[in-house]
Structures are given as structure tokens and as C-alpha cells.
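Mapped onto the numbering used here, the consecutive letters of the sequence shown carry residue numbers 19 to 157. Beta carbons are placed, not taken as given, at the ideal position from N, Cα and C, and that holds for glycine. Below is one structure, written out as C-alpha cells, with a few remarks after it.
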Amino acid sequence: YYHLNNDHFKYEDIHKYLNGGFSGDTLINMTNNTSKMIKNINVGDVLEKNSYVYGVVEINGSTLSNQYKYDLGKSIIEGGPNLFYDNSLGIKVSTLYLDPKNKKGIAPNRKLYHLLTTTGIFYINKCKFYDYNSLIDFI
Numbered sequence: 019y020y021h022l023n024n025d026h027f028k029y030e031d032i033h034k035y036l037n038g039g040f041s042g043d044t045l046i047n048m049t050n051n052t053s054k055m056i057k058n059i060n061v062g063d064v065l066e067k068n069s070y071v072y073g074v075v076e077i078n079g080s081t082l083s084n085q086y087k088y089d090l091g092k093s094i095i096e097g098g099p100n101l102f103y104d105n106s107l108g109i110k111v112s113t114l115y116l117d118p119k120n121k122k123g124i125a126p127n128r129k130l131y132h133l134l135t136t137t138g139i140f141y142i143n144k145c146k147f148y149d150y151n152s153l154i155d156f157i
């Protein structure tokens, strides 16, 4: 078993409960002050703050425990249960611990997306998110 605060997960359930990704129409900030839907991001694309994409992760959304619409103050996004971002105090946190009033369950997307970047970060609106490896580092 894997322990996360007071929750206990079987190792085979880690993906179901601790994975995360973004809906395909999530707009990612690019280096040239434009944005691009995450489903259209390619390896080699340059994101805001010169972060290069070296991998695009596609996640089968139907295998996750839940998907949510998150109100993060700076951004409203849809995605899987576990996404890392900087809160309003600049502290790295997970959506797993977001106040329930700031997340609403939604019908699951069949496919979710996440990124691997050279800096380990990317931006959605003015909110800093951590790349897919942050989910692994967390465990």
C-alpha cells in the first residue's frame, strides 16, 4: 500500500487516483504571447519562458477515478484528479487538496493530455503548472 496523508492506495491503483492530465482544449501559453490547445502541442514547441516540450503524454481519462472543473483563481481548468500548480502564495500544491468548493465533478474526457518540458513547468493563463514528471516526483 501507498500512504498519502490519511489515504491508502494499493500500488495498482496509483494511476487511477494520483494521475492527472488536462482536457484537450486547455490553452497553453506559448513563447510568442499566443496560446495553443494542449491537444495540438508537439514535441519541440517552445512555451512561455522558453520551456521546450520534449514529450506529450496522452492519458486514457476513463481509467481515472474522477475528473474536475477547477477554479484556481488565476485559471479555470478541467482535468484529472492530481495536477500540480503554484497557489496564490507561490507554493507548489496539488489539486488533490483543493477546497471542495473550488472543484466540481464533470463528465470524464476520454483523453487527457500532459506535457514534459525542459524546465519542468508551463503556464495556463497566469497560473504556473508543473509537468507530468511532477506527478511521479510526488510519489
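Count the other CB atoms within 10 Å of the CB of residue i; is the residue buried (16 or more) or exposed (fewer)?
| i | result |
| --- | --- |
| D117 | exposed |
| Y20 | Any answer about Y20 is weak, because its pLDDT of 42 lies below 50 and its placement is not dependable; what the coordinates show is given next. By the 10 Å Cβ count, Y20 comes out exposed. |
| L107 | exposed |
| Y115 | exposed |
Leaving out five residues on either side along the sequence, give the residues of the same chain with a beta carbon under 7 Å from the beta carbon of residue i.
| i | result |
| --- | --- |
| L37 | Strictly speaking, residue 37 in this sequence is Asn, with Leu absent from that position. Cβ neighbours of N37 beyond the five flanking positions: I77, L82, G98, N100 and L153. |
| N151 | L134 and G138 |
| I59 | I46, V71, V74 and L133 |
| S69 | T135, T136, T137, I139 and F140 |
| T49 | V64, L65, E66 and N68 |
From which residue to which residue does the beta strand (DSSP E) around residue i run?
| i | result |
| --- | --- |
| G138 | Premise fails: G138 is in no beta strand (DSSP E) and is neither H nor E. |
| M55 | S53 to M55 |
| D104 | F102 to D104 |
| N78 | S69 to N78 |
| E96 | I94 to G97 |
| L45 | L45 to N47 |
| V111 | K110 to S112 |
| G123 | K121 to G123 |
| D89 | Y86 to D89 |
Keeping to the same chain, check which residues put their C-beta closer than 6 Å to that of residue i; ignore five residues upstream and five downstream.
| i | result |
| --- | --- |
| D43 | M55 |
| K87 | E96, K122 and I124 |
| L90 | C145 |
| F147 | Y103 and F140 |
| K57 | G42 and Y131 |
By Cβ distance below 8 Å, which residues in the same chain neighbour residue i in space, the five residues on each side in sequence not counted?
| i | result |
| --- | --- |
| N47 | S53, L65, E66, F140, Y141, I142 and N143 |
| V111 | F102, Y103, D104 and N105 |
Mind reading off the beta-carbon distance from residue i to residue j? Whole number of angstroms is fine, and I expect it under 8 Å.
| i | j | result |
| --- | --- | --- |
| K34 | G79 | Incorrect: roughly 11 Å between the Cβ atoms, too far for contact. |
| H132 | G62 | Rounded, the Cβ-Cβ distance is 17 Å, inconsistent with contact. |
What are the partner residues of residue i, as DSSP defines its beta bridges?
| i | result |
| --- | --- |
| L65 | M48 and S69 |
| D117 | The partner list for D117 (beta bridge, DSSP) is empty, contrary to what the question assumes. |
| K129 | N78 |
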